[in-house]
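Numbering (UniProt numbering), first residue to last: 69 to 371. Structure record follows, encoded as structure tokens.
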Amino acid sequence: PIEKGWVANHLHQYQGFWHTTRQLQAVLACRRHFQAEDSDILLVTTPKSGTTWLKAIVFALMNRDQYPNNNDLHPLLSENPHVLVPFIELGLYIDGQVGDFTTFTSPRLFGTHLPFVSLPDSVKNSPCKLVYLCRNPKDTFVSLWHFTNKLRTNGIGMGTNSLEASFDKFTRGVSLYGPFWDHVLGYWKESLENPDRVLFLKYEDMKEQPKVQVLKLAKFLERPFLLEEETNGVLDGILKLCSFENLSNLEVNKTGKLASGENYKTFFRRGEVGDAKNHLTPQMIAKLDRITQEKLHGYGLKF
Ligand code: A3P
């Protein structure tokens, strides 16, 4: 029997990655039932790598002709990005749901935290596009710790593990959808082998050069920006609409909740690069840096 809830101390390893019981049930159901379409776009991350931001940007980018100047009718102004771009396993197959796709139009946009190895066969065998966004492990860990131990309440968080205990687990690869490094490498390797299929992005690059990254994203998704869109403010408008400041201050994201009762505001904390140094000791930082260097050695990927 599998108990309900996101129980921190009952993580299960499946295909080399760690899942809560509830999450694993959803992963299995999704693997069994999800049917990819050739035009699907999957936005993939490890938890707390900028999923909410990526979902907003891709939604805005793909729907930009429908909502000129991000007018008042823009769905991002009244809906949380996780509603507009649901997770396949955590949204459409969670808690025994079977995936209702009736409201989707093509190209369908989905999010997922599934590691590459665990993607449904229908995704692996289809030409649908995958966008992978990763974030440096130090900030990802700090964000994850806040999310699961501080921000989330009523049983959806992981409990009240100390920063030190969570850190120890994270460094040993035991975290939601972890080991972090294996998750990242799975998609990194795929992006090198199939660059038309997998686009690999970094949160830090998005913060530093948002325009460059979004232009790259648009080209990859075959919706490149016309020169006039770059000059007449369409690109700037998308970046502004999807910025941390804007999204986190929208009424829907300040007061809205997921169907499960969790507040949308838990997805917005600081949204900055380098916050880890405010929470981790120099020793912890050195340890994570060393592990990251070891794990990524020889793959041509650096944080
Ligand atoms: P911090 O906890 O470091 O602030 P995810 O969306 O994958 O759950 O990741 C959440 C992290 O992304 C949080 O990081 C959150 O603040 C940050 N974030 C959310 N929206 C963002 C945005 N529009 N721009 C940049 N960062 C954002």
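Built from N, CA and C at the ideal position, the CB exists for glycine as well.
Roughly how many whole angstroms lie between the Cα atoms of residue i and residue j?
i	j	result
Asp189	Arg99	7 Å
Trp86	Glu298	42 Å
Leu309	Ala128	8 Å
Leu144	Ser117	20 Å
Pro278	Tyr367	25 Å
Thr88	Gln134	39 Å
Gly305	Arg265	27 Å
Asp168	Ala97	13 Å
Leu198	Glu258	10 Å
Gly223	Arg90	In this prediction, Gly223 scores a pLDDT of 48, lower than 50, which makes its location untrustworthy; the coordinate-derived value is nonetheless stated afterwards. Roughly 12 Å separates the two Cα atoms.
His78	Gly301	49 Å
Leu244	Glu296	43 Å
Gly84	Val185	9 Å
Leu356	Glu313	29 Å
Thr171	Tyr161	16 Å
Glu290	Leu283	11 Å
Leu122	Glu330	20 Å
Pro115	Asn138	28 Å
Lys192	Val153	20 Å
Asn229	Thr349	17 Å
residue 52	Lys345	The structure shown does not extend to residue 52, since the chain is modelled only from 69 through 371, so no value can be given for it.
Leu175	Glu232	A quick correction: the sequence has Pro, not Leu, at residue 175. Using only the alpha carbons, I get a separation of about 43 Å.
Trp74	Phe102	Only weak support is given to the placement of Trp74: the predicted model assigns it a pLDDT of 43, under 50, and the question is left unresolved by the model.
Gly254	Lys275	23 Å
Leu111	Val280	18 Å
Lys287	Lys270	17 Å
Leu187	Leu303	32 Å
Arg358	Phe336	29 Å
Lys363	Phe238	14 Å
Report the CB separation of residue i from residue j in whole angstroms; it is logged as a contact under 8 Å.
i	j	result
Ile109	Leu177	5 Å
Leu285	Val95	So it is not a contact: roughly 26 Å between Cβ atoms.
Gly179	Thr216	Not really, about 18 Å apart at Cβ, beyond 8 Å.
Asp343	Val210	6 Å
Thr113	His214	Incorrect: roughly 16 Å between the Cβ atoms, too far for contact.
Pro195	His251	At roughly 23 Å, the Cβ-Cβ gap does not stay under 8 Å, so Pro195 and His251 are not in contact.
Tyr332	Val320	7 Å
Trp249	Phe268	Their Cβ separation, rounded to whole angstroms, is 14 Å, which puts Trp249 and Phe268 out of contact at 8 Å.
Pro205	Thr334	The Cβ separation is near 21 Å, so there is no contact.
Asn148	Gly324	6 Å
Ala124	Leu318	Actually they do not touch by this definition, with Cβ atoms about 11 Å apart.
Taking 8 Å as the CB-CB cut-off, is residue i touching chain D?
i	result
Glu330	You won't find chain D in this structure, because it holds only one protein chain.
Which word fits residue i, buried or exposed, when buried means at least 16 other C-beta atoms lie within 10 angstroms of its C-beta?
i	result
residue 46	What is shown of the chain runs 69 to 371, which leaves residue 46 out entirely.
Ala327	exposed
Ser234	buried
residue 49	No answer is possible for residue 49: it lies beyond the span of the chain, which begins at 69 and ends at 371.
Pro69	Note that Pro69 scores a pLDDT of 35, beneath 50, so its modelled location is shaky and nothing firm can be said.
Leu141	exposed
Gly246	buried
His365	exposed
Lys322	exposed
Thr173	exposed
Asp207	buried
Gln351	exposed
Glu261	exposed
Gly159	buried
Gln81	exposed
Arg203	buried
Q. Which ranges does the alpha helix (DSSP H) cover as unbroken runs of at least 4 residues, wholly within the stretch 300-346, from first to last along the chain?
A. 302-309, 312-317 and 319-323
*With a floor of 4 residues, list each alpha helix (DSSP H) that falls wholly inside the stretch 217-303, ordered by position along the chain.*
231-239, 248-261, 271-276, 278-288 and 295-299
I'd like the ranges of any beta strand (DSSP E) spanning at least 3 consecutive residues and lying wholly in the stretch 130-180.
177-180
With a floor of 3 residues, list each beta strand (DSSP E) that falls wholly inside the stretch 73-111, ordered by position along the chain.
80-82 and 85-87
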